[in-house]
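Notes follow once the structure below has been shown.
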Ligand SMILES: Cc1cc2nc3c(=O)[nH]c(=O)nc-3n(C[C@H](O)[C@H](O)[C@H](O)COP(=O)(O)OP(=O)(O)OC[C@H]3O[C@@H](n4cnc5c(N)ncnc54)[C@H](O)[C@@H]3O)c2cc1C
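Numbering (our numbering), first residue to last: 2 to 467.
In structure tokens, the structure reads:
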């Protein structure tokens, strides 16, 4: 990893402080002591556990499904409650990250559950590294619309020498380094006091009548429950609201797979262009690396058969392209650095919310009494006005105690392309988290939060509401 700049945020913490922060945020003693043990000078005494030691097995509940008359039947079974919290955020992508930090900053006990071992979702795991649209033209002036938690995150990433393009120059739409992005996200959730649960896949919900009271998650420990006062569904695919029985719309969309090539600075672009290669890939903070987008076919991102097929098909396509590059004069030094650990699923489920935001409303700059943020404009280079986003687009029509955030909120077909972008997901995530925290504080359902209070809270947390 490249060295951080003197002003970067991580090195300002001592190792002891970082370990304490991570432990306080629920990363747990094993993580903390491991960090110290791995980094301790040779010969220093550390409390180590001998490797490969036999220990008593952790008890695991066993309620296997059985075959009854040719049907697979799952028995009714009690579930251990792993944890209880005020606000539970499902999914640690841009939306879930912002939601968790916003909720925790209201003072709510907040837990963030993520199926993989890092934060950032498609941004870091899908290697979709260009964050846009961060700006819109408001009253003729180019204005940053991603403020508050999203802006703080981008600013902190940009403090690293190779953290981000554009940001330090005050320009729009930075591209960030994926590893530094994950690191700063870890740091910010830890500082906010969010309890982090990685490697947990939310498989179902806990319902009390019409209200979501928590989730059922799967991990290496088996099935366990987490109970919560309010849940934010930032899974991207609406896994929580769908399991809760909320109305939604299902869509097919292009599914791609991003990869990165190395030695980008050891190519002869003029020769490559002459041979028909339009571009090596998109710019990254490190000159030696480029990320390469792939649109892919429009298909069902909830179908594991399709997802499995595309993983293999796209990898073959990528290898072909890399080989072509390597065999073309000017591209001999290029190598295939990495394929994204996460397939590029753009859109699957969209919540049917109390308000569907339409493209016509967005283009007319329709202001809503419950505006919770302003989105930037896709494809216009930030030259168009933004579009106010109503809170109603995050609130299910009927099911209670759950809010949507990120790429599964309620918009019409034409607005999907703007709504799903990272910058906008940071904005809707921030709003959902603040609203969840406020609902806990006010002891009310998320749909009943006082809008002026929510808007005041968001402004206090730095958000831009137009
Ligand atoms: C190929 C491609 C190219 C793109 N290009 C750009 C671009 O250039 N610029 C841009 O701004 N945007 C781009 N996007 C869009 C953008 O990356 C995503 O829409 C955005 O990251 C969505 O954020 P999110 O937080 O809503 O969801 P995600 O980023 O999808 O995050 C959801 C998180 O939830 C977790 N999760 C999901 N289900 C569960 C579960 N059941 N239990 C636990 N955890 C779960 C996931 O692991 C993930 O971390 C692109 C998308 C794709 C696919």
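All C-beta atoms in this analysis are idealised placements derived from N, C-alpha and C, irrespective of residue type, glycine included.
Bear in mind that the values here come from a model prediction, so they are computed numbers and not experimental data.
- By the C-beta density criterion, residue 317 is exposed, having fewer than 16 other C-beta atoms within 10 angstroms.
- Distances from the CA of residue 342 to each of 287, 126, 351, 336 were compared; the closest alpha carbon is that of 126.
- Under the three-pair Cβ rule at 8 Å, the region 56 to 70 does not count as touching the region 140 to 156.
- Taking residue 439 as the centre and dropping the five residues before and after it, the same chain places the C-beta of 107, 450, 454, 455, 458 closer than 7 Å to its C-beta, in chain order.
- Boundaries of the beta strand (DSSP E) harbouring residue 336: 336 to 340, taken from the DSSP string.
- With respect to the C-alpha of residue 386, the residue from 346, 145, 116 having the closest C-alpha is 145.
- Scanning the region 184 to 260 from its first residue to its last, the whole alpha helix (DSSP H) runs of 4-plus residues come out as 240 to 244.
- Residue 336 counts as exposed, since fewer than 16 other beta carbons sit within 10 angstroms of its beta carbon.
- In the three-state DSSP reduction, residue 329 falls in the coil class, being neither helix nor strand.
- In the DSSP assignment, residue 376 falls within the beta strand (DSSP E) that extends over 372 to 376.
- Residue 251 is not a Cβ neighbour of residue 347, given a cutoff of 8 Å.
- C-alpha of residue 434 to C-alpha of residue 344: approximately 26 Å in a straight line.
- With a cutoff of 8 Å on beta-carbon distance, residue 213 and residue 226 are scored as not near each other.
- Taking the Cα positions, residue 277 is about 14 Å away from residue 268.
- For the region 400 to 455, the continuous alpha helix (DSSP H) assignments of 4+ residues that do not extend past its boundaries occur at 417 to 420, 423 to 443, in sequence order.
- Distance from the CA of residue 403 to the CA of residue 124, rounded to the nearest whole angstrom, comes to 24 Å.
- Between the region 228 to 235 and the region 84 to 99 there are three or more inter-stretch CB-CB distances shorter than 8 Å, so the stretches are counted as touching.
- Counting along the chain, residue 390 sits inside no alpha helix (DSSP H); it lies in the beta strand (DSSP E) bounded by residues 388 to 391.
- In the three-state DSSP reduction, residue 283 falls in the strand class (E or B).
- Contact annotation: residue 121 and residue 176 have beta-carbon atoms that are not nearer than 8 Å.
- For residue 327, same chain residues with a beta-carbon under 7 Å away, outside a window of 5 residues either side, are 333, 335 in chain order.
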